Amino acid sequence: MKRRSYRNDRYYEGISNRKKIYIIGGAVFIVLSIALILFFTLGRNKDSSGNGGETKDIKLQTNAVLSVNQLVERYYEAKKSCDATALMSLIYPSMLIDEDELKVEADLVEDYQNVICYTLPGVSEDSYVVWVEFEYKFHGIDKTAPALNRMYVVKSTETDEYQIYASPDEKMLEHMEKLSKREDVKKLTAKIEERLRKALEADDALMDFYRQLSGGAEQ
Numbered sequence: 597m598k599r600r601s602y603r604n605d606r607y608y609e610g611i612s613n614r615k616k617i618y619i620i621g622g623a624v625f626i627v628l629s630i631a632l633i634l635f636f637t638l639g640r641n642k643d644s645s646g647n648g649g650e651t652k653d654i655k656l657q658t659n660a661v662l663s664v665n666q667l668v669e670r671y672y673e674a675k676k677s678c679d680a681t682a683l684m685s686l687i688y689p690s691m692l693i694d695e696d697e698l699k700v701e702a703d704l705v706e707d708y709q710n711v712i713c714y715t716l717p718g719v720s721e722d723s724y725v726v727w728v729e730f731e732y733k734f735h736g737i738d739k740t741a742p743a744l745n746r747m748y749v750v751k752s753t754e755t756d757e758y759q760i761y762a763s764p765d766e767k768m769l770e771h772m773e774k775l776s777k778r779e780d781v782k783k784l785t786a787k788i789e790e791r792l793r794k795a796l797e798a799d800d801a802l803m804d805f806y807r808q809l810s811g812g813a814e815q
């Protein structure tokens, strides 16, 4: 198949280091054999064995907690519409959101589609570790890119609504890492990686876009 040239000055020439760093945590690149796999994650992940054994007999739930699904939907809608005020209300503890950074991401990402939430219990009551499966729709590219985002969510004592915990403590991080080593979570991660690999192989424009983001574009 002949590779087509895909150039869009608006979305390529302006991709600086700043544009590669997205709101609240940034982008994590995982190298596969054919491409860089992009995951957006909230906060910094740490390697740790943890002590999440109490969840070993609990199944990974799919779209099982309506309030969590609604939170995630509002989160991506706020990012898409560059609504810093709405985004701040969904995050605990509250933090200032740079609207310019939101606009940077919106210049690249047109939409977040086909959102699915997978949940396991957190370390305390009314908390969850959430893996969010979704698809990026980038501006100027028809093919969507599957992705996976891990979050820790807690119920607010003030509003009784779930919020994304922006600064997980050591115990929470250990618990998240422990859960990430479960077979069902590893299978989910592998599924997303394989879907993205196939999407990149099938669409030259999407592959070129990822190479541009990684700084390894072919001229």
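Residues in the sequence shown are numbered consecutively from 597, following the numbering used here.
The beta-carbon is built from N, C-alpha and C at its ideal position, and this holds for glycine as well.
All of these numbers come straight from a predicted model, not from anything done at the bench.
>> I'd like the span of the alpha helix (DSSP H) that includes Arg670, first residue to last.
In response: Leu662 to Lys676
> Sorted by chain position, which residues of the same chain lie with C-beta nearer than 6 Å to Pro742's C-beta, five sequence neighbours on each side aside?
Replying inline: Glu731, Ile788, Arg791 and Leu792
>> Going by DSSP in three states, Val700 sits in which element: helix, strand or coil?
In response: helix
>> What does the alpha-carbon distance come out to for the pair Ser810 and Glu706?
In response: 19 Å
>> So for Leu744, helix, strand or coil by DSSP?
In response: strand
> Going straight from the alpha carbon of Glu757 to that of Asn659, what length do you get?
Replying inline: 17 Å
> Can you round the beta-carbon distance between Gln709 and Lys733 to whole angstroms, since I take them to be within the 8 Å contact cut?
Replying inline: 6 Å
>> Taking the alpha carbon of Ala786 as the reference point, which residue from Val668, Cys678 and Leu744 has its own alpha carbon closest?
In response: Leu744
> In the DSSP assignment, what are the bridge partners of Glu731?
Replying inline: Gln709 and Pro742
>> Just verifying my parser: in three-state terms, what is the DSSP assignment at Val719?
In response: coil
>> I need the DSSP call for Ile654, collapsed to helix, strand or coil.
In response: coil
> Touching or not, the segment 661-674 and the segment 709-722, by the rule of three or more beta carbon pairs under 8 Å?
Replying inline: yes
> What is the C-beta distance between Tyr688 and Ser752, in whole angstroms, given that I count them as a contact (C-beta under 8 Å)?
Replying inline: 7 Å
> Do you know offhand how far Val749's Cα is from Ala795's?
Replying inline: 30 Å
> From Tyr671 to Asp722, what does the alpha carbon distance come to, in whole angstroms?
Replying inline: 19 Å
>> Please return the same chain residues whose Cβ sits closer than 6 Å to the Cβ of Ala682, not counting the five positions on each side in sequence.
In response: Ala674
> In whole angstroms, what is the alpha-carbon distance linking Pro717 and Val725?
Replying inline: 6 Å
> Residue ranges of each alpha helix (DSSP H) run of no fewer than 4 residues wholly in the segment 759-802, ordered along the chain?
Replying inline: 766-776 and 779-798
> Leaving out the 5 sequence neighbours to the left and right, which residues in its chain are closer than 6 Å to Asp605 when beta-carbon positions are compared?
Replying inline: For Asp605, the pLDDT reaches just 43, beneath the cut-off of 50, and the residue's location in the model is therefore unreliable, leaving the point undetermined.
> Tell me, which residues are paired with Tyr806 by DSSP?
Replying inline: Per DSSP, none; premise fails for Tyr806.
> Can you tell me where the alpha helix (DSSP H) with Thr755 in it begins and where it stops?
Replying inline: No alpha helix (DSSP H) contains Thr755, which DSSP labels as neither H nor E.
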